[in-house]
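All remarks here apply to the structure that follows.
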Amino acid sequence: MTRAAAFFDLDKTVIAKSSTLAFGRPFFQGGLINRRAVLKTAYAQLVFSRAGADAPQMERLRAQLTAMVTGWDAATVQDIVRETLHEIVDPLVYAEAADLIEEHRAAGREIVIVSSSGAEMVEPIGEMLGVDRVVATRMVVEDGRYTGEIEFYAYGENKAAAMRELASTGGYDLADCYAYSDSVTDLPMLSAVGHPTAVNPDRGLRKAALEHGWPVLQFTRPVSMRARFSAPPAPVVTGAAVGVGAAVVGLAWYARHRALRAGLLATEAPGPLPGRRRRRGA
């Protein structure tokens with residue numbers, strides 16, 4: 060019997076905000092960033108909630124922003140995330156996403172988070188959700204500190220490549236698998252499976268979903284993770300060679316806003332259960 064999986068993007072798909080930007084204040088309290096950077100990330104979170112990130116913008120900013128975390132102590136970042144995880148992220152999970160995760164798990168499918176955010180944040184969040192595997196961006200660490208180099212950037216086509224690798228090693232038939240994302244940059248991820256779904260899609264993804272006839276879902280109800288997942292979480296298996304450190308993706312949003320300060324940027328799956336998710340025409 061062929062195994063199958065449900066692949067979920069994280070930010071604005073499973074949780075209501077950017078997982079990276081959410082840790083701005085704890086990073087300040089931990090001495091990693093200054094007060095000005097806290098204000099930048101807070102404003103960037105607002106921008107992120109209203110806009111998406113296209114490939115040219117993210118690629119242009121990647122080199123600049125990885126330099127910002129060069130020299131950070133990796134253990135300090137991990138400790139801060141784990142110590143503040145429940146306070147910061149616990150209220151952000153979408154109830155609709157929690158429903159889907161439960162449905163897929165009940166159907167015998169493995170749950171995989173595939174996110175361009177740093178593994179330092181995605182892996183603990185995956186543990187909270189009790190998912191089976193995590194694919195995330197990873198930075199090179201030498202002598203306990205980030206070098207500024209990226210080992211694996213879980214973005215665009217790299218997400219799809221990681222999914223194919225997991226399918227090969229895990230025995231998944233991708234034609235029987237599901238995928239969920241909000242961003243047009245995740246078209247390779249969605250196209251890799253037999254059952255793609257756009258969730259809270261940006262303009263580009265909404266257009267692509269209409270063209271391909273993919274379902275479109277709107278998630279609107281954040282709920283406490285601890286209220287939804289009372290059972291002890293299972294250990295998360297990380298994707299092989301599959302991760303930008305904490306502030307890289309987050310501070311990208313502020314830099315992007317400054318580059319375009321003329322104004323704010325307007326920029327899975329069983330059918331929705333009755334009364335729990337609003338489905339819009341594909």
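Using this note's numbering, read the sequence shown as starting at 60 and increasing by one per residue. Beta carbons are placed, not taken as given, at the ideal position from N, Cα and C, and that holds for glycine. These numbers were taken from a predicted model, which means no experiment stands behind them.
- prompt: Which full runs of the alpha helix (DSSP H) of 4+ residues lie inside the segment 137–180, going along the chain?
  reply: 154–165
- prompt: Name the DSSP bridge partner or partners of leucine 269?
  reply: BP columns for leucine 269 are empty, so no partner.
query: For serine 250, does the count of other Cβ atoms within 10 angstroms reach 16, so buried, or fall short, so exposed?
result: exposed
- request: Following the continuous alpha helix (DSSP H) through arginine 223, name the residue where it begins and the one where it ends.
  value: 216–229
message: Let's see if you can read the secondary structure: which residues bound the alpha helix (DSSP H) around serine 250?
response: 246–250
field: Beta-carbon proximity of aspartate 241 to valine 258, cut-off 8 Å
entry: yes
query: Are the segment 199–214 and the segment 143–161 touching by the rule of at least three beta carbon pairs closer than 8 Å?
result: no
task: Using DSSP bridges, identify the partner residues of threonine 196.
output: Gly177
message: Taking 8 Å as the threshold (C-beta atoms), are proline 247 and tryptophan 273 in contact?
response: no
message: In the DSSP output, what is phenylalanine 211 paired with across the bridge?
response: Arg197
query: On the three-pair Cβ rule with 8 Å, is the segment 213–225 touching the segment 168–180?
result: yes
query: Taking DSSP as the reference, what is the three-state secondary structure of proline 281?
result: strand
task: Please state whether DSSP places proline 183 in a helix, a strand or coil.
output: helix
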